[in-house]
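**Student:**
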Amino acid sequence: MRTISGQTNRVIVVGAGLGGLACALHLAGAGRDVTVIERAGIPGGRAGRLELDGYRFDLGPTVLTAPDLLAEPMAAVGEDLDDWLDLIRLDPAYRAHYPDGSTLDVTADSDRMEQAVAELCGAREAAGYRRFVAWAERLWRLERQDFIDKNLDGPRDLLTANLIKLALTGGFRRLGPKISQFFSDPRTRRIFSFQALYAGLAPDHALALYAVISYLDTVAGVYHPRGGMQAVPQALADVAVKHGVTFRYDTIVSGVETRGDRAVAVHTVDGERIPADVVVLNPDLAAAFSLLPTPAPARLERLRPSPSCVVLHLGARARYAGIAHHNLHFGRAWERTFEEVIDRGELMTDPSLLVTNPTKTDDTAAPPGRQTYYVLAPVPNLTVAPVTWTTAMSRRYAGELMATLEERGYYDLGLDLEVSHVVTPADWAREGHVAGSPFSYAHTFAQTGPFRPGNLHPGLSNVVFTGSGTQPGVGVPMVLISGKLAARRITGDLA
Ligand SMILES: Cc1cc2nc3c(=O)[nH]c(=O)nc-3n(C[C@H](O)[C@H](O)[C@H](O)COP(=O)(O)OP(=O)(O)OC[C@H]3O[C@@H](n4cnc5c(N)ncnc54)[C@H](O)[C@@H]3O)c2cc1C
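First residue of the sequence shown: 1, per my numbering; consecutive thereafter.
(1) Let's test the definition: count the other Cβ atoms within 10 Å of the Cβ of ALA392 and tell me whether it reaches 16, buried, or not, exposed.
(2) Locate the alpha helix (DSSP H) running through ILE490, then write down its first and last residues.
(3) Exposed or buried, GLY369, counting other C-beta atoms within 10 Å across all chains shown (16 or more means buried)?
(4) Residue range of the alpha helix (DSSP H) that TYR411 falls in?
(5) Considering only the beta carbon of each residue, do PRO351 and THR424 sit closer than 7 Å?
(6) Under a Cβ-count criterion, where at least 16 other Cβ atoms within 10 Å of its own Cβ denotes burial, should THR349 be classed as buried or exposed?
(7) First and last residue of the alpha helix (DSSP H) that includes ALA161?
(8) Which residues bound the beta strand (DSSP E) around LEU354?
(9) Whole angstroms is fine: what's the gap from VAL387's alpha carbon to ARG124's?
(10) Taking the C-alpha atoms as reference points, what is the distance between PHE451 and PHE132?
(11) Starting from LEU575, follow its DSSP beta bridges and name the residues at the other end.
(12) Quick check: is any heavy atom of ligand 1 less than 6 Å from the C-beta of THR390?
(13) Using a 10 Å radius around the Cβ and a threshold of 16 neighbouring Cβ atoms, would you call LEU292 buried or exposed?
(14) Exposed or buried, which one is ASN462 when buried takes at least 16 other CB atoms within 10 Å?
(15) Where does the unbroken alpha helix (DSSP H) through HIS26 begin, and where does it stop?
(16) Does the Cβ of GLU38 lie closer than 6 Å to at least one heavy atom of ligand 1?
(17) According to DSSP, what are the bridge partners of VAL264?
(18) Compute the minimum distance between the beta carbon of GLY315 and the heavy atoms of ligand 1, and state whether it is under 6 Å.
(19) Looking only at DSSP bridge pairs, what is GLU340 linked to?
(20) Taking the C-alpha atoms as reference points, what is the distance between ALA495 and CYS23?
(21) Could you check the C-alpha separation between ASP277 and LEU236 for me, to the nearest Å?
(22) By Cβ distance, which residues of its chain are closer than 6 Å to ASP493, with the 5 residues on each side in sequence left out?
(23) Return helix, strand or coil for GLU418, following the three-state DSSP convention.
(24) To which residues of the same chain is CYS121 closer than 7 Å at the C-beta, ignoring the five residues directly before and after it?
(25) Could you tell me whether any non-hydrogen atom of ligand 1 is closer than 6 Å to the CB of ARG489?
(26) What residue range is occupied by the uninterrupted beta strand (DSSP E) comprising ALA377?
(27) Go ahead and label ARG395 buried or exposed: buried means 16 or more other beta carbons lie within 10 angstroms of its beta carbon, across all protein chains shown.
(28) So is the beta-carbon of PRO67 under 6 Å away from any non-hydrogen atom of ligand 1?
(29) Are the segment 202-219 and the segment 139-151 touching, with three or more C-beta to C-beta distances below 8 Å?
(30) Check whether the segment 200-209 and the segment 441-455 are in contact - that is, three or more C-beta pairs closer than 8 Å.
(31) Name the one or two DSSP bridge partners that THR103 has.
(32) Rounded C-beta distance between ALA398 and LEU216? I'm assuming under 8 Å.
(33) Could you give the residue range of the beta strand (DSSP E) that holds LEU314?
(34) Whole-angstrom Cβ separation of THR103 and ALA96, contact assumed at under 8 Å?
(35) Per DSSP, which one or two residues make a beta bridge with GLY501?
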């Protein structure tokens with residue numbers, strides 16, 4: 001593994017996103033003097049929080065998987081996750097609502113899940129589920145050690161015994177057809193393959209390797225941190241403070257000063273100069289490069305961004321007995337939905353939506369007797385659909401989503417509303433996210449593993465990247481790993 005050269009004692013981490021925070025903790029654990037500079041007033045970045053009239057909303061992730069990966073940065077400084085966060089295991093992890101009126105509760109208890117699949121789709125499908133679990137578990141084991149949780153210096157690093165095993169298990173086939181080897185019912189096919197969208201692709205285009213997301217989602221278990229998802233970065237930051245990391249909130253970095261091939265300081269918009277031996281950059285990759293005096297690699301422009309999303313945050317009196325904490329409401333359309341959003345740059349004509357109802361589990365999110373709803377609708381990114389999300393357009397689309405929700409059983413939700421807030425690609429673009437997508441670059445084959453932009457700067461010898469634009473990729477588990485990988489570039493394998 002390549003590491004950076006020279007002094008590495010004083011490290012500045014720009015950004016307190018989950019990647020930056022994980023990196024800071026691994027570095028603090030290895031004895032580095034770390035300062036995190038964050039433009040916002042709280043840690044978390046995309047895993048942020050919005051408070052409105054006594055309601056609290058998670059702005060980004062709601063599906064927390066792989067808590068062992070969250071425990072790692074805490075363990076790096078000798079702390080125990082359970083002392084800092086109350087993680088509630090969600091059972092079911094999801095409730096799938098299908099257009100024919102049927103539902104399927106997805107639970108990590110594989111015996112109960114097998115039974116649920118058998119009741120909905122029959123014994124053959126349940127046997128397929130068992131085979132899927134065994135396959136997906138194996139895939140995660142093979143990928144994690146050699147390809148995800150490892151700094152890759154180039155394609156040669158892939159040449160391990162596990163590569164052949166991975167190929168033999170079908171990891172390099174397409175996800176959709178692979179899932180169809182286990183399942184024949186369209187309902188089970190959807191629930192075990194929709195996660196391709198998290199990787200920015202349709203199931204028929206994503207590599208089967210990405211079934212590890214379905215594995216983490218449907219087999220390993222989903223959690224809700226009491227206090228909301230922003231409690232996660234807050235806990236990481238609190239632990240970091242306890243172990244000597246300095247945080248500078250409400251401080252925007254305007255640029256990185258370099259001398260020869262080295263970064264020597266960061267500058268803030270307030271005109272402060274903060275010297276550094278090493279600079280770690282957590283913003284989206286294009287935004288990170290814009291802080292450097294050297295030009296960004298031409299390849300960045302050509303990378304394919306993931307689709308984006310609109311998120312509707314609702315606070316209401318209405319409560320619905322038939323839903324779970326996380327609900328997937330599938331439309332009748334399937335392949336067409338991916339084509340519309342990813343390829344044609346159109347809004348979904350028959351939407352599939354994620355509706356999260358955090359107050360189902362955690363009543364701290366709303367005033368007494370009230371509910372919060374988080375409605376996520378995939379929409380095209382601003383590259384494939386260069387539309388201006390004006391306020392009028394956002395309102396119109398929010399109205400369409402409300403109508404869809406009412407049709408799908410959320411009766412009188414509109415009447416009962418106390419607060420609402422809509423976030424669109426225009427907001428993500430304002431945050432500096434590539435193509436107005438908060439999901440960074442898609443995980444196509446050419447943007448996966450060692451082919452994804454690396455975490456070492458190509459020319460500056462002490463600048464490291466962390467976060468979803470770099471390896472291993474998008475999502476809370478991956479960016480936590482990316483923080484560790486960035487730290488290892490600085491400390492070697494000790495961190
Ligand atoms: C709506 C939505 C839903 C999601 N759902 C899920 C989910 O359910 N499960 C899941 O696992 N993942 C989910 N994700 C993805 C996951 O949230 C992200 O992949 C992850 O949080 C990205 O973390 P990061 O560290 O890469 O970047 P960020 O969180 O963007 O961190 C970068 C930080 O840098 C700061 N910064 C930027 N520029 C500057 C500057 N010039 N000076 C100082 N600071 C600066 C930013 O303020 C930010 O705090 C979701 C994301 C979104 C937005």
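Beta carbons: idealized from backbone N, C-alpha and C, even for Gly.
No experiment lies behind these values; they were computed from the predicted model shown.
**Tutor:** Reading off the structure:
(1) exposed
(2) Going by DSSP, ILE490 is part of the alpha helix (DSSP H) stretching over 476-491.
(3) exposed
(4) Taken as a continuous stretch (DSSP letters only), TYR411 belongs to no alpha helix (DSSP H), as it is neither H nor E.
(5) no
(6) With fewer than 16 other CB atoms across the displayed protein chains lying within 10 angstroms of its CB, THR349 is exposed.
(7) 161-168
(8) 353-356
(9) 46 Å
(10) Between PHE451 and PHE132, the C-alpha separation is close to 28 Å.
(11) Outside the modelled stretch of the chain, which goes from 1 to 495, sits residue 575, for which no answer is possible.
(12) Flag unset: Cβ of THR390 not near ligand 1.
(13) buried
(14) buried
(15) 18-29
(16) yes
(17) According to DSSP, which records beta bridges pairwise, VAL264 is partnered with nothing at all.
(18) no
(19) In the DSSP output, where bridge partners are listed per residue, GLU340 has none listed.
(20) In this prediction, ALA495 has a pLDDT of 48, which is less than 50 and means its spatial position is unreliable; what the coordinates show is noted afterwards. Going by C-alpha positions, ALA495 is about 9 Å away from CYS23.
(21) Looking at the two C-alpha atoms, the distance is approximately 23 Å.
(22) none
(23) GLU418 falls in the strand class under three-state DSSP.
(24) Excluding positions up to five away in sequence, the list reads ASP185, ARG187 and THR188.
(25) No - ligand 1 has no heavy atom lying nearer than 6 Å to the Cβ of ARG489.
(26) ALA377 -> beta strand (DSSP E) spans 371-379.
(27) exposed
(28) no
(29) yes
(30) yes
(31) HIS97
(32) The pair is not a contact, with the Cβ atoms about 30 Å apart (cut-off 8 Å).
(33) 308-316
(34) 6 Å
(35) Any answer about residue 501 is impossible in this case: the structure gives the chain only from 1 up to 495.
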